[in-house]
Amino acid sequence: MKLFRIKVCGVTSAQDAALAASLGADAVGINFYKGSRRHVPVSEAAPIVAAVRGKAVPVAVFVNELPETIESVCRLLKIDMVQLSGHEPPAAARRLKFFRIKAVHLRDGSELNLYGKYPCEAFLLDTSVPGEFGGTGKPFDWGKIEGMKPGKPWVLAGGLTHENVAAGIKTLHPDGVDVASGVEAAPGKKDQNMLRSFINNAKEAFEYARKH
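Heads up, the sequence shown is in my numbering, so the first residue is 11 and it goes up one at a time.
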């Protein structure tokens, strides 16, 4: 399994999931963290997964959840990629037999040094906001990580919109990008025009970065 390039996170309906996939997103994030405004109960997630099966990769997002719960949810829904967005200890991540993305919430960029040996397949670099675990709509200072080599495939997140995603890709050369609030009309409700613009701009920037 390989890492996605464009992930639309915080999807709360099968309709939005299908829309994101049809517009070119190759992953959608389903947030199982009960403290999130975009929380999806496990009992309501199957239609979202079904809407993108074979078109985009469903990613299960958890915050400080027990490994056995993550295992149970992902087996039930047949999800093979998980995002750990809390303060999950390495021992917990090591127990998971999925493609693991570890979210690292940045203040000055040094936080990444703490995760050099973390058991995961990719990193997601997001903005650090006290009491929040992603989806804040606030970008971090890209200058703090410009030229940094995370050592694994990585995803740029944090306050991305159709207006700044191209600059983020061209400046930092991430392997993927992640958007939630930047394509929403309201928390958990995606906007078709914003989605289309974001995905098109990201695709063009990835193509540009590949050639340069």
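Cβ atoms here follow ideal geometry from the backbone N, Cα and C, with glycine treated the same way.
Just so we're clear, the structure is a prediction, and the values are computed from it rather than from any experiment.
Asked: Coil, strand or helix - Pro68 by DSSP; Found: strand
Asked: Candidates Leu182, Lys221, Val175: closest to Lys17 by CA position; Found: Val175
Asked: Pick from Ala177, Arg105, Ala195, Ser95 that is closest to Lys44, judged by C-alpha positions; Found: Ser95
Asked: Under the three-state DSSP convention, the category Thr22 falls into; Found: coil
Asked: Neighbourhood of Leu182 by C-beta, 8 Å cutoff - its chain only, sequence neighbours within 5 removed; Found: Trp152, Ile155, Glu156, Leu166
Asked: Inter-stretch contact at 8 Å, needing at least 3 Cβ pairs: the region 45–62 / the region 18–27; Found: yes
Asked: Cβ pair Val83, Leu106 closer than 8 Å; Found: no
Asked: Run of the beta strand (DSSP E) containing Phe133, from where it starts to where it stops; Found: 132–137
Asked: Beta carbon of Phe216 nearer than 8 Å to that of Gly192; Found: no
Asked: Phe109, DSSP secondary structure in three states; Found: strand
Asked: For Ala93, the residue or residues it bridges with in DSSP; Found: What sits at residue 93 in the sequence shown is Gln, not Ala. Answer is Val71, Ile111.
Asked: Anticipated Cβ contact below 8 Å, Lys65 with Ala31, distance rounded; Found: 4 Å
Asked: Given Lys213 as reference, the closest of Glu81, Ala70, Gly186 once Cα atoms are compared; Found: Gly186
Asked: Rounded straight-line distance, which links the Cα of Phe72 to that of Asp136; Found: 15 Å
Asked: Endpoints, the beta strand (DSSP E) within which Ile58 is located; Found: No beta strand (DSSP E) holds Ile58; the alpha helix (DSSP H) holding it covers 56–62.
Asked: N-terminal and C-terminal residue of the alpha helix (DSSP H) that Asn203 is part of; Found: 202–221
Asked: Option in Gly39, His115, Leu33, Lys180 with minimal Cα separation from Asp90; Found: Gly39
Asked: Rounded Cβ spacing between Glu131 and Phe109 (contact assumed at less than 8 Å); Found: 5 Å
Asked: Glu78 versus Lys162, Ala102, Arg63, residue with shortest Cα-Cα distance; Found: Ala102
Asked: Tyr128 burial status per 10 Å Cβ neighbour count (16 or more: buried); Found: buried
Asked: Cα-Cα separation, Leu134 to Lys162; Found: 10 Å
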